[in-house]
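**Student:**
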Amino acid sequence: MSATGIAEIGTWRTRALVWLLHRFFLLSRGMTMGVRAACFNDRGEVFLVRHTYVPGWYMPGGGMEHGETALEALAKELREEGNLVMTAAPEFVNVYYNSKTSKRDHVLFYRVTVEQTAPRLPDREIAESGFFALDALPDEVTDATLRRLQELSKEVELSDFW
């Protein structure tokens, strides 16, 4: 195998073409992308949040902003929604198409080990949050949350749909 390859976008002509194509893709293939994580503490409990604006209990996460990497978005959402910090590198699980939110939405899902730096107090976004044993989840856990936990425990096969 060769030690070096060619530059993917090396010439001005290629750069111009890629720039034009990406402008076209923005209009024709626009999509949204978010991150979400199953966050486990050292006791094996999963962290869940209940938002003020939608019913049910969810794993923490949110949308990626322009110029933000997936891991930057993940760290930000964990910090904002739970005062959580990752104690090990996140494990990428799957990318899901979330057609229930939008025909353009995708979710990058991770499994992470975390520590909580301080209790997460309720505010306008988060009504309540906490760590739960897998056999003692709160009432009204969302269907997608349960499916992701079942996928992680190998009870069901991974799906492509959130």
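Using this note's numbering, read the sequence shown as starting at 2 and increasing by one per residue. No residue lacks a Cβ here, since even glycine has one placed at the ideal position from N, Cα and C.
Distance, Cα to Cα, Thr143 vs Pro56?
**Tutor:** As a position in the sequence shown, residue 143 is number 142, starting the count at 1. As a position in the sequence shown, residue 56 is number 55, starting the count at 1. Their Cα atoms are separated by approximately 8 Å.
**Student:** Quick one: what's got a C-beta closer than 7 Å to Glu118's C-beta in the same chain, skipping five residues either side?
**Tutor:** Position 117 of the sequence shown, counted from the start, is the residue given in the question as residue 118. Note that residue 118 is Thr in the sequence shown, not Glu. Within the same chain, Thr118 has close Cβ partners Asn84, Val86.
**Student:** Within 10 angstroms of its Cβ, does Tyr97 collect 16 or more other Cβ (buried), or is it exposed?
**Tutor:** Here residue 97 corresponds to residue number 96 of the sequence shown, with the count starting at 1. Buried is the call here.
**Student:** Is it buried or exposed, Val36, if we count other Cβ atoms within 10 angstroms and call 16 or more buried?
**Tutor:** For the purposes of this step, residue 36 is taken as the residue at position 35 of the sequence shown. Buried: at least 16 other Cβ atoms inside 10 Å.
**Student:** Restricting to Cα atoms, I'd like to know which of Glu81, Gly31, Ala76, Trp20 is closest to Arg105.
**Tutor:** In the sequence shown, counting from the first residue as 1, residue 105 sits at position 104. Nearest option by C-alpha distance: Gly31.
**Student:** Pull up the distance between the alpha-carbon of Ser130 and that of Arg14, whole angstroms please.
**Tutor:** Here residue 130 corresponds to residue number 129 of the sequence shown, with the count starting at 1. Here residue 14 corresponds to residue number 13 of the sequence shown, with the count starting at 1. Distance between the alpha carbons of Ser130 and Arg14: 52 Å.
**Student:** How many whole angstroms separate the CB atoms of Glu46 and Phe133, which I take to be in contact at a CB cut-off of 8 Å?
**Tutor:** Numbered from 1 along the sequence shown, position 45 holds the residue referred to as residue 46. Numbered from 1 along the sequence shown, position 132 holds the residue referred to as residue 133. With a Cβ gap of about 6 Å, Glu46 and Phe133 count as contacting.
**Student:** Would a check of beta-carbon distances place Gly63 closer than 8 Å to chain B?
**Tutor:** Annotation note: the requested chain B is absent from the structure, which comprises a single protein chain.
**Student:** Please name the residue in Asp124, Val94, Ala76, Val115 whose C-alpha comes closest to that of Val108.
**Tutor:** Locating residue 108 in the sequence shown gives position 107, where the first residue counts as 1. The shortest C-alpha separation from Val108 is found at Val94.
**Student:** Pull the bridge partners of Met87 from the DSSP assignment, please.
**Tutor:** Locating residue 87 in the sequence shown gives position 86, counting from the first residue. Paired residues: Val115.
**Student:** For Thr33, write down the residues that DSSP places opposite it in a beta bridge.
**Tutor:** Taking the sequence shown and counting its residues from 1, the one referred to as residue 33 is at position 32. DSSP lists Asp106 as partners of Thr33.
**Student:** Would you kindly work out how many angstroms separate the C-alpha atoms of Ala49 and Asn99, rounded to a whole number?
**Tutor:** Along the sequence shown, one-based indexing puts residue 49 at 48. Along the sequence shown, one-based indexing puts residue 99 at 98. Per the sequence shown, residue 49 should be read as Leu rather than Ala. Approximately 19 Å, taken between the alpha carbons.
**Student:** Apart from the five residues on each side of it in sequence, which residues of its chain come closer than 6 Å, Cβ to Cβ, to Pro61?
**Tutor:** Working through the sequence shown from its first residue, we reach residue 61 at position 60. The residues are Val50, Glu78, Leu79, Glu82, Gly83.
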